Amino acid sequence: PVLVVDFGAQYAQLIARRVREARVYSEIVPHSMPVAEMMAKDPAAIILSGGPSSVYEPGAPALDAGLFDNEVPVFGICYGFQAMAQALGGTVAHTGGREYGRTLLAAQGGTLLRDLPADLPVWMSHGDSVTIAPVGFAVTASTPGASVAAFEDPVSRRAGVQFHPEVAHTEHGQEMLRRFLYDIAGIEPTWTPSNIIDEQTAAIRAQVGDKQVICGLSGGVDSAVAAALVHKAVGDQLTCVFVDHGLLRSGEAEQVEKDYVAATGIRLKVVEAADRFLDALDGVQDPEQKRKIIGREFIRVFEAAAREVDAERHVEFLVQGTLYPDVVESGGGTGTANIKSHHNVGGLPDDLQFSLIEPLRTLFKDEVRALGTELGLPEEMVHRHPFPGPGLAIRVIGAVDRHRLDVLRAADLIAREELSAAGLDRDVWQFPVVLLADVRSVGVQGDGRTYGHPVVLRPVSSEDAMTADWSRLPFDLLAKISTRITNEVPEINRVVLDVTSKPPGTIEWE
Ligand code: XMP
């Protein structure tokens with residue numbers, strides 16, 4: 022793998038993703054990992070990520086110069102660039118020339134920046150600067166605030182840049198990363214969906230042998246792809262369980278029951294549990310309470326279904342659609358605040374009697390989608406927007422009941438239909454529709470007064486749901502959605518647009 026050393030800022034995941042977009046497998050490792058341990062992973066290259074703004078900042082993580090006793094290619098970015106310069110005998114100084122945000126890069130040849138336009142907009146955030154490159158390194162770029170903004174040594178296969186090539190604001194950043202990987206480090210781009218499928222299915226076969234496997238399907242992309250992958254590996258040894266908790270959107274249960282089974286031939290057990298969930302949720306308004314109840318009921322229902330399957334065929338393994346960001350984030354363990362108890366439906370209690378199969382635990386969402394397509398899953402399923410495990414229960418603000426869910430489902434379907442008709446499904450990350458069930462407002466319709474409920478449209482754009490911005494959907498589309506919802510859903514007489522980014526808002530309202 023290419024190892025991305027995480028110096029504590031948010032950039033490591035982004036870098037790892039960009040490396041994989043260049044079709045090279047990458048993994049994130051903490052900066053505290055000893056060099057020997059990194060080398061034991063036999064890295065094809067090491068990328069040192071951004072971090073604090075200066076190597077002189079108090080508490081700035083140290084870079085073990087022993088790294089450079091090895092012949093592995095190294096690319097330093099931002100903080101990683103300064104740390105690398107310092108470790109190799111260059112000079113980093115307080116120049117006073119702080120640069121934050123966009124600046125112009127003047128490139129002067131070299132491999133990394135070869136043939137790129139002069140005066141390239143790049144994204145910077147640094148206080149101190151490298152003033153003298155280490156011996157053997159050619160300086161290939163400067164900016165107004167950094168005389169040494171990029172350097173490289175093709176012989177030792179090391180290079181670095183003061184700016185952030187991984188962010189979209191840096192033009193040609195991906196090109197630079199590719200040049201490091203292919204031209205400086207000499208790595209072949211072989212990380213492709215079909216290779217991943219071959220590797221994963223072989224690994225799953227080896228793990229499972231002739232034992233039986235069970236998988237919970239949520240209707241979402243991750244569990245669908247994980248199950249399809251396991252099915253490809255072990256065929257009929259897999260049984261899937263789909264719990265219909267009555268909190269799904271219009272058409273979702275059918276999509277799983279028909280389209281998915283048709284595409285994959287997977288054996289599916291559907292459990293109708295709407296009554297049970299709605300009874301348990303009766304009168305509950307508090308969002309965390311809703312989540313806890315749904316999580317608890319889900320596990321009970323799933324366990325019961327698993328026991329039934331197990332009675333027929335003894336099950337040893339459970340498939341989980343855990344993704345790489347979940348793995349990285351739970352490994353981070355730096356006391357992040359519990360904003361919401363994300364209950365990943367498909368989740369499981371600690372004492373479940375199965376061993377886990379997690380075929381997606383090295384993958385990012387976009388890679389999972391690419392696998393789904395390669396595995397022949399329906400496009401609507403592969404490109405489904407993320408949907409929270411607790412479903413529509415957390416999009417009815419107030420207590421949940423059947424009627425309220427039906428109202429929300431009708432409005433949600435209209436919003437989804439119109440977004441698709443406008444061809445904008447892939448332009449938004451998610452498009453929650455939220456029913457403010459306890460709020461009423463006065464309206465007029467025909468020649469009568471109405472006293473109905475508002476729905477909130479919450480279209481957002483995001484790369485990973487950690488941050489998001491409200492989507493600037495065309496006004497005509499919003500108008501059409503609003504007209505249709507107020508005409509077709511009698512309980513709703515007002516449609517409003519949520520124009521809050523995340524932070525400070527979250528994507529969902531609860
Ligand atoms: P928030 O609302 O925290 O949501 O900005 C971030 C992403 O997570 C989804 N979400 C959930 N997913 N169980 C899930 O499986 C949950 O309890 C849950 N709550 C929020 C949300 O739809 C968005 O994609």
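According to UniProt numbering, the sequence shown holds residues 22 to 531 in order.
No residue lacks a Cβ here, since even glycine has one placed at the ideal position from N, Cα and C.
This structure is a prediction, so every number in the text was calculated from the model and none was measured.
To the nearest angstrom, report how far apart residue i and residue j are at their CA atoms.
{"i": "D422", "j": "P186", "result": "49 Å"}
{"i": "G207", "j": "V40", "result": "14 Å"}
{"i": "T471", "j": "A458", "result": "15 Å"}
{"i": "V340", "j": "V151", "result": "49 Å"}
{"i": "R390", "j": "K253", "result": "16 Å"}
{"i": "D427", "j": "A295", "result": "13 Å"}
{"i": "Y345", "j": "F375", "result": "21 Å"}
{"i": "F323", "j": "V262", "result": "8 Å"}
{"i": "L259", "j": "R312", "result": "29 Å"}
{"i": "I98", "j": "S522", "result": "28 Å"}
{"i": "I205", "j": "V348", "result": "30 Å"}
{"i": "G286", "j": "L398", "result": "11 Å"}
{"i": "T112", "j": "R200", "result": "25 Å"}
{"i": "A154", "j": "P175", "result": "14 Å"}
{"i": "A37", "j": "I378", "result": "23 Å"}
{"i": "T383", "j": "Q34", "result": "12 Å"}
{"i": "M60", "j": "G117", "result": "37 Å"}
{"i": "I49", "j": "S70", "result": "10 Å"}
{"i": "A170", "j": "A159", "result": "11 Å"}
{"i": "T355", "j": "D27", "result": "Residue placement at T355 is poorly supported in this model, since its pLDDT is 35, which falls under 50; the coordinates still yield a value, given next. Approximately 13 Å between the Cα atoms of the pair."}
{"i": "D303", "j": "I315", "result": "12 Å"}
{"i": "A247", "j": "E220", "result": "14 Å"}
State yes or no: is the beta carbon of residue i nearer than 8 Å to at least one beta carbon in chain C?
{"i": "V26", "result": "In the displayed structure, chain C is absent; only one protein chain is listed."}
With a 10 Å radius around its C-beta and 16 neighbouring C-beta atoms as the bar for buried, classify residue i as buried or exposed.
{"i": "T343", "result": "buried"}
{"i": "M487", "result": "exposed"}
{"i": "Q466", "result": "exposed"}
{"i": "G267", "result": "buried"}
{"i": "K62", "result": "exposed"}
{"i": "E92", "result": "exposed"}
{"i": "F496", "result": "exposed"}
{"i": "P525", "result": "exposed"}
{"i": "R334", "result": "exposed"}
{"i": "K279", "result": "exposed"}
{"i": "G148", "result": "buried"}
{"i": "T211", "result": "exposed"}
{"i": "E329", "result": "exposed"}
{"i": "A223", "result": "exposed"}
Residues in the same chain with beta-carbon distance under 6 Å from residue i, minus the five sequence neighbours each way, listed in chain order, please.
{"i": "L137", "result": "A128 and H193"}
{"i": "Y95", "result": "Checking the sequence, you will find Val at residue 95 rather than Tyr. Contacts found: I67 and R179."}
{"i": "L141", "result": "L126 and E192"}
{"i": "E273", "result": "G240"}
{"i": "M197", "result": "L133 and P186"}
{"i": "D490", "result": "S482 and S522"}
{"i": "Q276", "result": "none"}
{"i": "W450", "result": "V481, S482 and S483"}
{"i": "D265", "result": "A274 and E293"}
{"i": "R119", "result": "G148"}
Using alpha carbons as the reference points, say which of the options lies closest to residue i.
{"i": "D514", "options": "S522, T521, I502 and P524", "result": "First, the residue type needs correcting, since residue 514 is Asn and not Asp in the sequence shown. Residue I502 is the option with its Cα nearest to N514."}
{"i": "P407", "options": "V25, D446, A284 and L398", "result": "D446"}
{"i": "T213", "options": "E42, G117 and A81", "result": "E42"}
{"i": "E400", "options": "V242, D204, E196 and F89", "result": "V242"}
{"i": "residue 547", "options": "I218, D219 and F102", "result": "The requested residue 547 does not occur in the structure, where the chain is confined to residues 22 to 531."}
{"i": "T164", "options": "G122, Q195 and F158", "result": "G122"}
{"i": "R479", "options": "S492, D468, P22 and G469", "result": "S492"}
{"i": "F89", "options": "T116, A57 and V76", "result": "A57"}
{"i": "Q183", "options": "V76, V264 and L289", "result": "V76"}
{"i": "A326", "options": "L299, I315, W144 and L289", "result": "L289"}
{"i": "A139", "options": "G157, M145 and A162", "result": "A162"}
{"i": "I415", "options": "L269, T222, S146 and R44", "result": "L269"}
With a cut-off of 8 Å on the beta carbons, I'd call residue i and residue j a contact; round off their distance for me.
{"i": "V251", "j": "P380", "result": "6 Å"}
{"i": "P73", "j": "Y100", "result": "6 Å"}
{"i": "L309", "j": "P409", "result": "Before going further, note that residue 309 is Glu rather than Leu in the sequence given. Contact doesn't hold; Cβ gap of about 13 Å is too wide."}
{"i": "V476", "j": "L456", "result": "5 Å"}
{"i": "D433", "j": "V454", "result": "4 Å"}
{"i": "P22", "j": "Y46", "result": "5 Å"}
Considering only residues of the same chain and omitting the five flanking positions on each side of residue i, which have a CB-CB separation below 7 Å?
{"i": "V255", "result": "I225, R226, V229 and V234"}
{"i": "G419", "result": "Q306, A458 and D459"}
{"i": "V291", "result": "F263, D265 and E278"}
Please list, in chain order, all residues of the same chain as residue i whose beta carbon is under 8 Å from its beta carbon, the five residues on each side excluded.
{"i": "G473", "result": "R461, S462, G464, P511, E512, I513, N514 and R515"}
{"i": "residue 533", "result": "Since the displayed the chain opens at 22 and closes at 531, residue 533 lies outside it and no answer follows."}
{"i": "I435", "result": "I502, R505, I506, E509 and V510"}
{"i": "T394", "result": "P214, E400 and V403"}
{"i": "A358", "result": "Only weak support is given to the placement of A358: the predicted model assigns it a pLDDT of 40, under 50, and the question is left unresolved by the model."}
{"i": "Q107", "result": "V76, L84 and V113"}
{"i": "E318", "result": "H266, A294, R297, F298 and A301"}
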